[in-house]
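Asker:
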Amino acid sequence: MRRALIAPLLATSMFSLPAPAMAQAMSAEEAAALRAELAALKAQVQTLEARLDAAIAEPAPAPLPVPTPPSVTAKPATEISWKGAPELKTADGWSFKPRGRMQFDVAGIDAPAGVLGTRGGLTTEIRRVFLGVDGKIPGGFSYRLEADFAGGSAELTDVYLTYGKGPWSVTMGHIRHFTSLEDVTSDLFTSFTERAAFVPAFGFERRVGLGAQYKGKQLLVQAGVFGDDANSLLDDTNNSISADGRVVWMPKFGETQLHLGGSVHFRDFNDQSSTARYRARPFVHTTDVRLLDTGNISAKGENGYGLEGALTSGPFHASGEAFWQTMKRPGLADPTFFGGYAEVGMMLTPGDSRSYKDGAFDRLKPSKPVTEGGIGAIEINARYDYLDLNDGGIVGGRQRIALLGVVWVPIDYVRVMANYGRVMIDDAAIASATGDRDYSADVFGLRTQLDF
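Counting along the sequence shown from 1, when you hit position 426 you're at 426 in my numbering, and nothing is skipped either side.
1) For P86, which three-state DSSP category applies?
2) Please list the terminal residues of the continuous alpha helix (DSSP H) segment that includes V184.
3) If you check the beta carbons only, do A310 and H259 fall under 8 Å apart?
4) For R290, name the three-state secondary structure that DSSP assigns.
5) Going by CA-CA distance only, name the one from F452, I411, I380 and V395 that's closest to L403.
6) Between L145 and the rest of its own chain, which residues show a CB-CB distance below 8 Å, the 5 nearest in sequence each way excluded?
7) Measuring only the C-alpha atoms, how far is Y384 from P138?
8) Which residue's Cα is closest to the Cα of T349: K215, Q272 and L364?
9) Excluding sequence positions up to five away, which residues of its chain have a Cβ less than 6 Å from the Cβ of T326?
10) In the structure shown, what three-state DSSP assignment does F198 receive?
11) Going by DSSP, what residues sit across from F178 in a beta bridge?
12) Are F452 and A85 touching if we call contact CB-CB under 8 Å?
13) Only counting runs of 4 or more residues, tell me where the alpha helix (DSSP H) segments fall wholly within the stretch 99–187, in order along the chain.
14) Please state if the CB of E343 and the CB of A377 are separated by a distance shorter than 8 Å.
15) Could you work out which residue in S355, Q44 and D442 is closest to S367 when comparing CA atoms only?
16) Quick one: measure Cβ to Cβ for S263 and F178, integer angstroms, because I've assumed they're closer than 8 Å.
17) Would you call A33 buried or exposed, if buried means 16 or more other Cβ atoms sit within 10 Å of its Cβ?
18) Quick test of the definition: if touching needs 3 or more C-beta pairs under 8 Å, does the stretch 436–448 touch the stretch 103–110?
19) So, for G245: in the same chain, excluding its five sequence neighbours on each side, which residues have a beta-carbon less than 7 Å away from its beta-carbon?
20) On the three-pair Cβ rule with 8 Å, is the stretch 148–155 touching the stretch 182–202?
21) Grab me the residues of K300's own chain with a C-beta within less than 8 Å of its C-beta, minus the 5 sequence neighbours each way, in chain order.
22) I'd like to know whether the C-beta atoms of T287 and L116 end up nearer to each other than 8 Å.
23) Between the stretch 198–215 and the stretch 164–179, do three or more beta carbon pairs fall short of 8 Å?
24) Enumerate in chain order the residues of its own chain whose CB-to-CB distance from G396 is below 8 Å, with the five nearest sequence positions on each side excluded.
25) For P495, count neighbouring Cβ atoms within 10 angstroms of its own Cβ and tell me buried if that reaches 16, exposed if not.
26) Under a three-way DSSP split, which group does A433 fall into?
27) Which of the three DSSP states is assigned to V284 in this structure?
28) At which residues does the beta strand (DSSP E) containing K328 begin and terminate?
29) Run through the DSSP bridge pairs and tell me what V443 is partnered with.
30) Under 8 Å by Cβ, that's how I've got A360 and L181 pegged, so tell me the actual separation to the nearest angstrom.
31) For V208, list the residues DSSP reports as bridge partners.
32) Between D228 and S240, how many whole angstroms is the CB-CB distance? I'm expecting something under 8 Å.
33) From the DSSP output, in three-state form, read off A428 for me.
34) Could you give the residue range of the beta strand (DSSP E) that holds G301?
35) Would you check if the distance between the CB atom of R127 and the CB atom of H285 is smaller than 8 Å?
36) What are the residues that DSSP puts in a beta bridge with Y341?
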């Protein structure tokens, strides 16, 4: 760089000499003067060069300090995912998700003349329209609020708050009271359009109470204390109370899931009522006719005991239950009624199997849904259902049902079910036109279902 500066300076100096002098021959004096002038010019160039080197070597001035902005607490990022409906989650542990289900039924029953009157035949029904929300709260809490609007007015279903960390949890609210596999399995995932007959007959339903649960890898223990359902508790004379418990052993061996369990139920009616009544529809909900009915029986309470078992292995599944319900009648014989079922099923679509989670059957997820060019999941089921309400001088009737059903799940959240059943009844509560109380009926059900 130094030489690059000297060259133009010398050139400029040369061109600055008078043109006539350059054209003439130089004398000795003139040559000496020129040499002196060039020497002086060289000295000036060296001085400038030294100053330039010093300027380049001098460090750059330090940048001025930038003032630090005041600290602002960042809001947690919100993550939105899709699980049939949008679910919002924050980094600090909050979550919120709308939920719901719609079930539209076409069902029918064909019974002997005089049994059903005008309350039979083929009928349509909006069976359930649930709307609600659920989510989590920081600190180990979770919640759910849900109501059924199918009847034209809101009826509370699941309404609860849960606290739990690790395998232990405590739940307070309107929940199912730890009875049987058939009852705790959501109606979204049952094999048939209706649950086993003993579930509605013995009054299994959600109740207001406090429950605790231990959930290990292979063991599930549930226990709680409950009042009545939310609507019944609007009557301030209803102070009935029950203690319920359920234990399930659920080991898994390879692809085989085993389920073995039992439950107990002890209930005191207190001032709620001095009578009890057990009854059941003939496996269709579209009729209000109960062909099995004990009528009102004097009682102070009830005790129940149940056994349950299930197995899933690849495309195959099987399940069965037995439940005994005893009426407590001080000074009188205590009748014990019995209900149960046995079921087998098979997936027809390769790669599909019935899901199981935490002591209950869960959502069936097709391996090749229609959205990916498949046909969804197809399942066939067969069941024998039994309910006996005859004992201790009480004649409520005996019902046996042979059922066949098919389930089609095109995508995770859509389900179509169809089933046919042959109902065989002894000691029916309603006689036929000929006075016969032992007869048979045919039932049919078709359900289209969407949940989110």
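Backbone N, C-alpha and C fix where the C-beta goes; we use that ideal spot for every residue, glycine too.
Answerer: The structure says:
1) Note: P86 maps to strand in three-state DSSP.
2) From DSSP, the alpha helix (DSSP H) with V184 extends over L181 to V184.
3) The answer is yes: Cβ separation under 8 Å.
4) Correct three-state label for R290: coil.
5) Considering only alpha carbons, the answer is I380.
6) Only G132, V133, D134, D158 and V159 meet the Cβ criterion.
7) Going from the Cα of Y384 to the Cα of P138 covers about 46 Å.
8) Closest in C-alpha terms to T349, from the list K215, Q272 and L364, comes L364.
9) In chain order, N303, D334 and T336 place their CB closer than 6 Å to the CB of T326, counting only its own chain and leaving out the 5 sequence neighbours on each side.
10) F198 falls in the helix class under three-state DSSP.
11) Answer by DSSP bridge pairing: none, since F178 is not bridged.
12) Against a cut-off of 8 Å, the Cβ pair of A85 and F452 comes out as a contact.
13) Whole alpha helix (DSSP H) segments, 4+ residues: 181–184.
14) No, they are not a contact pair.
15) Closest option to S367, Cα to Cα, is S355.
16) Indeed, because the Cβ distance is near 6 Å, the residues count as touching under 8 Å.
17) Exposed is the call here.
18) Result yes; three or more Cβ-Cβ pairs closer than 8 Å.
19) Within the same chain, G245 has close Cβ partners F178, Q222, A223, S263 and V264.
20) With a cut-off of 8 Å, the stretch 182–202 and the stretch 148–155 do not count as touching, because too few Cβ pairs lie within range.
21) Same-chain partners within the cutoff: D268, F269, S274, K328, R329 and P330.
22) If you check the CB distance, T287 and L116 come in under 8 Å.
23) By the criterion of at least three beta-carbon pairs nearer than 8 Å, the stretch 198–215 is in contact with the stretch 164–179.
24) Hits under 8 Å: Y278, R279, L292, D293, T294, G295, F337, L389, N390, D427 and A429.
25) Residue numbering for the chain in the displayed model covers 1 to 452; residue 495 lies beyond these limits and cannot be assessed.
26) In the three-state scheme derived from DSSP, where H, G and I count as helix and E and B as strand, A433 is classed as coil.
27) Per DSSP, reduced to three states, the secondary structure at V284 is coil, with no helix or strand assignment.
28) Element bounds for K328: F316 to K328.
29) In the DSSP output, where bridge partners are listed per residue, V443 has I109 and G421.
30) Contact between A360 and L181 holds: CB atoms are separated by about 6 Å, below the 8 Å threshold.
31) According to DSSP, V208 bridges with H174.
32) With 8 Å as the limit, D228 and S240 qualify as a contact, their Cβ atoms being about 5 Å apart.
33) Reduced to three states, the DSSP call for A428 is coil.
34) Counting along the chain, the unbroken beta strand (DSSP E) around G301 starts and ends at G301 to S313.
35) Yes, they are a contact pair.
36) For Y341, the beta-bridge partners assigned by DSSP are E321 and D385.
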